[in-house]
Amino acid sequence: MNRLAILLAVMLLSCGPEPGPAPKPKFAPTDSTGARIAWPADLPVYDHIVIVVEENKDFEQINSNPAAPYINGTLKAEGATLVQMYAEEHNSEGNYFWLFSGSNHNVGFNDEIPSEKKAASNLGAQLIAAGRSFKGYSEGLPEVGSTVSMSGSYARATVPWVSFANVPNGRTVATSSNLRFEDFPTNFHDLPTVAFVIPNLINNMHDGVIPSNIRAGDTWLRMHLDGYYQWAKQHNSLLIVTFDENDRTGATGLTDPAAVDPIMRNRVITILAGARIGPGEYREGKGVTHVNLLRTLEAMYGLPRSGTQQSFALKAGIADDFVITDVFER
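Quick note on numbering: the sequence shown equals residues 0 to 329 in numbering that gives the first Met the number 0.
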């Protein structure tokens with residue numbers, strides 16, 4: 000009888016539902032030494048974040064400027080403005096690398112394209128490794144996956160992910176993170192977890208003169224991304240608008256948030272707008288840099304930390320691991 004009972008029990012178990020997939024282990028981010036990172040636990044985890052990088056304008060040149068009615072009248076009015084945000088260097092290119100990977104990777108200060116692909120940790124690679132997604136959408140990129148340095152008003156110096164071997168760069172939308180702006184989804188649910196949008200040199204306020212270039216960039220932003228922004232407010236998503244550097248005149252090299260000279264202080268405006276954002280101006284202690292914006296994204300998605308804070312920013316009291324938290328509504 001005992002053997003029969005055991006046989007019946009086995010048969011009954013075999014007819015039961017199949018077990019579900021084993022739960023995935025919790026992702027435990029670490030720093031470059033392997034030590035576990037204790038990110039803030041109460042940050043929102045957005046379904047989608049779109050980051051737009053504009054060019055070469057001081058905080059004061061954008062803030063309250065009537066030439067930028069969309070930035071000021073909509074995004075700033077409804078969003079969180081970082082009033083002590085500092086870029087890391089002059090000229091442009093290195094700042095894009097700081098934002099994307101926490102380092103300029105010694106690309107130099109003259110916007111020269113790196114001769115070799117980098118293997119270092121970066122936001123795109125870490126998002127993908129964590130099972131999330133990353134894409135960059137560049138206006139004027141001649142074709143998906145292109146590595147051309149210049150094409151019309153497209154400049155690769157503003158597109159850092161192209162220079163990393165660990166970020167996909169295939170020839171189709173599905174296999175590449177290096178996409179044209181025309182590939183930006185019309186159905187915003189199809190956006191990656193994090194997307195960068197890089198307008199061309201006319202529409203990112205780089206070319207032309209003030210105030211007409213500011214007006215052109217502001218108009219482009221409204222025409223091309225306000226639809227996403229309005230959608231984001233109702234769909235747990237976020238729009239970030241920042242600048243690579245301020246309006247420097249002939250200055251090159253690393254900059255210092257504590258400098259007296261505004262050119263070398265390199266203060267820029269950054270606005271976070273969308274779901275769960277508390278409108279207002281935020282000082283963030285002694286200030287923040289592109290690296291702290293990167294840290295905030297890493298903290299949201301539980302990613303390892305890429306790179307380290309710029310040296311002059313550290314001396315000015317801006318910590319490498321400082322995460323922006325107060326702009327988010329709980």
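Quick reminder that beta carbons are idealized off the backbone N, C-alpha and C, glycines included. These figures come from a predicted structure and were not determined experimentally.
I'd like the span of the beta strand (DSSP E) that includes residue i, first residue to last.
i: ILE268; result: 266-273
i: TYR45; result: Premise fails: TYR45 is in no beta strand (DSSP E) and is neither H nor E.
i: ARG179; result: 177-179
i: PHE108; result: That residue, PHE108, is in no beta strand (DSSP E); it is neither H nor E in DSSP.
i: ALA194; result: 193-197
Can you give me the Cβ contacts of residue i inside the same chain, cut-off strictly under 7 Å, excluding the 5 residues immediately before and after it?
i: PRO68; result: ASP217
i: ASP246; result: ASN55, LYS56, ASP57, GLN60
i: ALA154; result: LEU200
i: THR171; result: VAL143
i: GLY93; result: GLU87, ASN103, VAL106, PHE108
i: LEU81; result: THR269, TYR281, GLU283, VAL287
i: TYR227; result: VAL49, PHE187, LEU238
i: GLY279; result: ALA79
Is DSSP giving residue i helix, strand or coil here?
i: GLN229; result: helix
i: LEU11; result: Residue confidence is low: LEU11 scores 39 on pLDDT, short of 50, so the model does not pin down where it sits. Its coordinate-derived value is still stated next. If DSSP states are grouped into helix, strand and coil, LEU11 belongs with the helices.
i: ASN94; result: helix
i: GLU53; result: strand
i: LYS134; result: strand
i: TYR300; result: coil
i: LYS116; result: coil
i: ARG294; result: helix
i: PHE183; result: coil
i: VAL326; result: coil
i: ARG35; result: strand
i: VAL161; result: helix
i: THR73; result: helix
i: ASN202; result: coil
i: PRO22; result: Reliability of the predicted coordinates at PRO22 is poor, the pLDDT of 32 falling under 50, and the value obtained from them is presented with this limitation in mind. Coil, per DSSP.
i: SER211; result: helix
i: ARG247; result: coil
i: ASP189; result: helix
i: GLY306; result: coil
i: PRO261; result: helix
i: GLY101; result: coil
Per DSSP, residue i is paired with what?
i: TYR281; result: LEU81
i: ALA154; result: MET149
i: LEU237; result: ILE48, GLY273
i: HIS331; result: With the chain covering only 0 through 329, there is no way to say anything about residue 331.
i: ASN168; result: SER175
i: VAL287; result: MET84
i: PHE242; result: GLU53
Based on Cα-Cα distance, which residue from the options lies nearest to residue i?
i: ALA274; options: GLU53, ASP41, PHE58, GLU77; result: GLU77
i: ILE262; options: THR269, GLY252, LEU271, ILE270; result: GLY252
i: GLU111; options: SER91, ASN202, ALA66; result: SER91
i: LEU126; options: ARG329, LEU220, MET299, ILE317; result: MET299
i: LEU292; options: SER310, LYS314, ALA318, GLY279; result: ALA318
i: PRO191; options: ALA40, PRO43, VAL49, GLY226; result: VAL49
i: ASP260; options: ALA250, THR269, ILE268; result: ALA250
i: SER305; options: PRO256, ALA257, SER114, PHE99; result: PHE99
i: THR307; options: SER63, GLY101, ALA79; result: GLY101
i: ALA128; options: GLY301, SER152, ASP320; result: GLY301
i: SER152; options: VAL166, ASN203, GLY279; result: ASN203
i: GLY169; options: ALA124, SER145, VAL267, GLU244; result: SER145
i: SER137; options: VAL322, GLU53, PRO43, VAL44; result: GLU53
i: LYS314; options: VAL51, PRO256, ASP41; result: PRO256
i: ILE197; options: ALA119, PHE183, VAL166; result: PHE183
i: THR174; options: SER132, GLN83, ARG221; result: SER132
i: VAL240; options: ASP41, MET84, ASP46; result: MET84
i: GLY123; options: GLY207, ALA156, GLU297, LEU74; result: GLU297
Report yes or no: is there a C-beta of chain B within less than 8 Å of the C-beta of residue i?
i: SER305; result: The structure shown contains no chain B; it is built from a single protein chain.
Since residue i is in the alpha helix (DSSP H), which residue starts that stretch and which ends it?
i: LEU140; result: Run containing LEU140: none; DSSP gives neither H nor E here.
i: PHE321; result: Looking at the DSSP string, PHE321 is not in any alpha helix (DSSP H), and its letter there is neither H nor E.
i: LEU126; result: 122-128
i: ILE61; result: 58-61
i: ALA67; result: Here ALA67 belongs to no alpha helix (DSSP H), and DSSP marks it neither H nor E.
i: SER310; result: 310-314
Note down, in chain order, each residue of its chain lying with its Cβ closer than 8 Å to the Cβ of residue i, except the 5 sequence neighbours on either side.
i: SER150; result: GLY139, LEU140, PRO141
i: TRP230; result: PHE187, SER236
i: PRO16; result: In this prediction, PRO16 scores a pLDDT of 38, lower than 50, which makes its location untrustworthy; the coordinate-derived value is nonetheless stated afterwards. For PRO16, where only same-chain residues beyond five positions count, there are no Cβ hits under 8 Å.
i: VAL290; result: GLU87, TRP97, LEU98, GLY101, GLY306, THR307, GLN308, GLN309, ALA312, ASP319
i: ASP225; result: TYR69, THR73
Take residue i and list the residues in its own chain whose beta-carbon comes closer than 6 Å to its own, dropping the five residues that flank it on each side.
i: PHE163; result: LYS117, ASN121
i: ARG214; result: ALA66
i: LYS25; result: At LYS25 the pLDDT is 40, less than 50, meaning the model places this residue with poor confidence and gives no usable figure here.
i: PHE327; result: PRO43, ARG275
i: PRO159; result: TYR95, PHE96, PHE99
i: ARG221; result: TYR69
i: PRO22; result: Per-residue confidence for PRO22 stands at a pLDDT of 32, beneath the threshold of 50, marking its modelled position as unreliable; no derived number is given.
Below 7 Å, is the gap between the Cβ of residue i and the nearest heavy atom of the ligand COA?
i: ILE112; result: In the structure shown, the ligand COA is absent, as is every other ligand, since no ligand is present at all.
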